[in-house]
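**Student:** Please see the structure below; I have some questions.
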Amino acid sequence: MKDLGKQALVLIPAYNEEARITSVVRGVKERYSSLEVVVIDDGSSDETRKRAIEAGACVISHPYNLGYGVALQTGYLYALREGYEALVQMDGDGQHDPAYILVLMDQIQRGNTDLVIGSRFLEREGCNPECLPYRAPIMRRCGMRLFGTIASLIIRRKVTDPTSGYQAMNREVLEWVSSDKFPWDYPDADLIIMLHRAGFRIQEVPVQMYENLDKKSMHSGWKPLYYVFKMFLSILVTLMRK
963 MKDLGKQALV LIPAYNEEAR ITSVVRGVKE RYSSLEVVVI DDGSSDETRK
1013 RAIEAGACVI SHPYNLGYGV ALQTGYLYAL REGYEALVQM DGDGQHDPAY
1063 ILVLMDQIQR GNTDLVIGSR FLEREGCNPE CLPYRAPIMR RCGMRLFGTI
1113 ASLIIRRKVT DPTSGYQAMN REVLEWVSSD KFPWDYPDAD LIIMLHRAGF
1163 RIQEVPVQMY ENLDKKSMHS GWKPLYYVFK MFLSILVTLM RK
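In structure tokens form, the structure reads like this:
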């Protein structure tokens, strides 16, 4: 595998993650010292920015909380400006195991796909006893299954984890998500559908994820019923577009 540090950036959107951002950034840097880690501090009111910098990340701060999708796009634009050929995104709450960055990037470097989604629900080979099944709250689990089914039917390929924030993309996808086409409000299942319709290849790979003990996430942040309504609406709008 090529040196990741010469072509890929790790993007971590974060909002009030002072308790975990240090371990998340260090977890990446300890494994991949040549990788640039960029944290988008989305208007945190705690010490997220300070601790991310101390851990070795480059930090870009929003003046106030603009939301997960806007934080992602800030990072995408930075990656384009700096000339990166690929990007890995992961959440700042400690749910994503950085060991799987290589798994995600392997498919990108081989040219097998344009977007790789890390799925917590696909079986992993050689799993050790610590790799326990991911258990999400029932409402969230139902939402995942519902939108996974919808996305699977539309793109004609099984999607098991449509809300996964652990992804890798090549430069072509990076350019697309940096445009005004990007659904910055709720970039989940609707984004998968949009990228498929734009002609991009999408693939899932199995990864390990850990439950968020605080039961909150910048990525999901759902009041469940509101999220389901908004995602349905976003998918309908996506399907109505030519």
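Under the numbering used here, residues 963 to 1204 are what the sequence shown spells out, in order.
Every residue, glycine too, gets a C-beta built ideally from N, C-alpha and C.
Please read all numbers here as calculations on a predicted model, not as lab measurements.
#1: Any idea if Gly-1056 is buried or exposed, counting beta-carbon neighbours within 10 angstroms, 16 or more meaning buried?
#2: Output the residue ranges of the alpha helix (DSSP H) runs that lie fully inside the segment 1000-1042 and measure 4 residues or longer, sorted by chain position.
#3: Going by CA-CA distance only, name the one from Lys-1143, Thr-1125, Gly-1080 that's closest to Glu-1166.
#4: By the three-class DSSP mapping on this structure, what secondary structure does Gln-969 have?
#5: Which residue wins for smallest C-alpha separation from Leu-1115, given the options Glu-1047, Tyr-1172, His-1158?
#6: How would you label Pro-1025, buried or exposed, when you count the other beta carbons within 10 angstroms and need 16 or more for buried?
#7: What distance in whole Å lies between the Cβ atoms of Leu-1136 and Ala-1041, which are believed to be in contact at a cut-off of 8 Å?
#8: Return helix, strand or coil for Ala-1151, following the three-state DSSP convention.
#9: Please tell me whether Ser-1023 and Asp-1003 are closer than 8 Å, where the distance is taken between their beta carbons.
#10: Hey, is Ile-1070 close to the ligand PLP, as in C-beta under 7 Å from one of its heavy atoms?
#11: Whole angstroms are fine: how far does the CA of Arg-1011 sit from the CA of Gly-1105?
#12: Among Glu-1009, Gly-1073, Val-990, Leu-971, whose alpha-carbon lies nearest the alpha-carbon of Glu-1044?
#13: Tell me whether the beta-carbon of Ala-1033 lies closer than 8 Å to the beta-carbon of Thr-984.
#14: With DSSP collapsed to three states, give me the class of Met-1052.
#15: Bridge partners of Asn-1132, per DSSP?
#16: Using a 10 Å radius around the Cβ and a threshold of 16 neighbouring Cβ atoms, would you call Gly-1031 buried or exposed?
#17: At what residues does the beta strand (DSSP E) containing Glu-1166 begin and finish?
**Tutor:** Let me spell this out:
#1: buried
#2: 1010-1016
#3: Gly-1080
#4: Looking at Gln-969 - three-state DSSP - the assignment turns out to be coil, as it is neither helix nor strand.
#5: His-1158
#6: exposed
#7: 6 Å
#8: helix
#9: yes
#10: Of the ligands one can find in the structure shown there are none, so the ligand PLP has no counterpart to examine.
#11: 32 Å
#12: Out of Glu-1009, Gly-1073, Val-990, Leu-971, Leu-971 has the C-alpha closest to the C-alpha of Glu-1044.
#13: Contact: no.
#14: In the structure shown, Met-1052 sits in coil (DSSP, three-state: anything other than H, G, I, E or B).
#15: Ala-1048
#16: buried
#17: 1164-1168
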